[in-house]
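Numbering that gives the first Met the number 0 applies: residue 0 is where the sequence shown begins, and numbers increase by one. All C-beta atoms in this analysis are idealised placements derived from N, C-alpha and C, irrespective of residue type, glycine included. The next block holds one structure in the form of structure tokens; read it before the comments.
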Amino acid sequence: MLIGLAIVVAVWYLLSFLNPVVPPPHTILSYMLEIEKIGTHFFTTLYRIGSAFALSVLIGLFLGMAMGRFKTVEALLGSFVGFVLTIPATIWAFLAFILFGVTTWSVIFVAMITTFPIVAFSITEGIKSRDVRYDEMADVFGFSRWKKIRRVFLPYLFPYIIGSARSAFGVGVKLIIIAELIGTTVGAGLQLLYYYGMGMFVYVYSYAILLIAIYVVFDLVIFGAIERYATRWKR
Numbered sequence: 000m001l002i003g004l005a006i007v008v009a010v011w012y013l014l015s016f017l018n019p020v021v022p023p024p025h026t027i028l029s030y031m032l033e034i035e036k037i038g039t040h041f042f043t044t045l046y047r048i049g050s051a052f053a054l055s056v057l058i059g060l061f062l063g064m065a066m067g068r069f070k071t072v073e074a075l076l077g078s079f080v081g082f083v084l085t086i087p088a089t090i091w092a093f094l095a096f097i098l099f100g101v102t103t104w105s106v107i108f109v110a111m112i113t114t115f116p117i118v119a120f121s122i123t124e125g126i127k128s129r130d131v132r133y134d135e136m137a138d139v140f141g142f143s144r145w146k147k148i149r150r151v152f153l154p155y156l157f158p159y160i161i162g163s164a165r166s167a168f169g170v171g172v173k174l175i176i177i178a179e180l181i182g183t184t185v186g187a188g189l190q191l192l193y194y195y196g197m198g199m200f201v202y203v204y205s206y207a208i209l210l211i212a213i214y215v216v217f218d219l220v221i222f223g224a225i226e227r228y229a230t231r232w233k234r
């Protein structure tokens with residue numbers, strides 16, 4: 000990872016030398032440290048990303064488990080969840096701002112409504128593909144219901160949970176930025192549009208790097224730590 004980062008920085012310095020429009024990394028870093036200028040917008044976006052992600056995972060887990068366990072629930076809700084997934088994010092954004100106004104919850108709603116089907120369908124397929132022989136083996140060894148869930152059900156389902164959560168988070172970050180571009184009064188997406196229009200590209204790069212850093216930290220550090228902890232039994 001460090002080698003890859005060093006290569007990126009070296010290529011960046013080369014591009015900044017060849018094209019004056021591209022600021023060097025140390026200039027970007029100096030602007031990123033001006034927390035009074037970018038802090039409010041960045042942390043507002045971070046709050047929206049975290050809230051939308053938490054809601055989408057909770058709703059997706061609940062619906063996915065219900066649809067995977069009960070065919071009646073899948074028959075009733077499967078088509079609805081699929082219909083929600085097919086609607087473009089821009090349509091949800093305009094509907095949210097029309098119905099709820101230009102608020103933080105409108106932005107959170109756009110990301111949540113577009114990403115929870117990803118989690119729901121993944122969990123549904125994971126439960127439906129589960130080998131029931133593991134349950135029979137747990138019954139033979141006299142596992143309690145809670146022990147069966149903790150030792151058999153969740154370890155089998157975990158790859159589907161972490162995979163869908165990673166996908167939902169990545170898509171959610173993009174949708175939050177799009178929603179902020181369309182209609183908010185505060186947020187990193189709004190600032191990207193503003194500074195791009197003003198020709199102040201150094202701030203555009205600063206916000207872009209911070210947003211990329213969010214995804215890298217969550218994917219490599221947080222999701223990676225959860226995955227290592229949940230699969231420690233494999234070692």
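| query | result |
| --- | --- |
| Three-pair Cβ contact test at 8 Å for the stretch 200 to 215 versus the stretch 82 to 101 | no |
| Residue 138: first and last residue of the uninterrupted alpha helix (DSSP H) it sits in | 132 to 139 |
| Sequence-distant residues of its chain with Cβ nearer than 7 Å to residue 118 (five each side left out) | 55, 56, 59, 60, 63, 163, 164, 167 |
| Alpha-carbon spacing of residue 154 relative to residue 171, whole angstroms | 26 Å |
| Alpha helix (DSSP H) segments (min. 4 residues) lying fully within the stretch 29 to 96 | 34 to 68, 70 to 85 |
| Stretch pair the stretch 213 to 224 + the stretch 129 to 137: three plus CB contacts closer than 8 Å | no |
| Contacting residues, own chain, Cβ-Cβ under 6 Å from residue 174 (five flanking each side not counted) | 88, 109, 110, 113 |
| Residue 177 beta carbon less than 9 Å from that of residue 96 | no |
| Close beta carbons around residue 30, own chain, < 7 Å, minus the five adjacent residues each side | 201, 202, 205 |
| DSSP state of residue 239 mapped onto helix, strand, coil | Since the displayed the chain opens at 0 and closes at 234, residue 239 lies outside it and no answer follows. |
| Exposed unless 16 or more other CB atoms sit within 10 angstroms - verdict on residue 6 | exposed |
| Rounded Cβ spacing between residue 24 and residue 12 (contact assumed at less than 8 Å) | 7 Å |
| Reference residue 65, options 125, 105, 231, 41, closest by Cα | 125 |
| Collapsed DSSP secondary structure at residue 116 in the structure displayed | helix |
| Proximal residues to residue 161 (C-beta, below 6 Å), its chain only, five neighbours per side dropped | 226 |
| Classification of residue 211 by the beta-carbon crowding that lies within 10 angstroms, buried from 16 upward | exposed |
| Cβ-Cβ separation, residue 40 to residue 187 (assumed contact under 8 Å), whole Å | 5 Å |
| Host alpha helix (DSSP H) of residue 128 (start-end) | Premise fails: residue 128 is in no alpha helix (DSSP H) and is neither H nor E. |
| Rounded Cβ spacing between residue 44 and residue 101 (contact assumed at less than 8 Å) | Contact flag wrong, Cβ pair sits at about 15 Å. |
| Closest residue to residue 229 among 179, 193, 150, 190 (Cα-Cα distance) | 150 |
| The alpha helix (DSSP H) enclosing residue 150, as first and last residue numbers | Taken as a continuous stretch (DSSP letters only), residue 150 belongs to no alpha helix (DSSP H), as it is neither H nor E. |
| Unbroken alpha helix (DSSP H) run spanning residue 205, endpoints | 200 to 215 |
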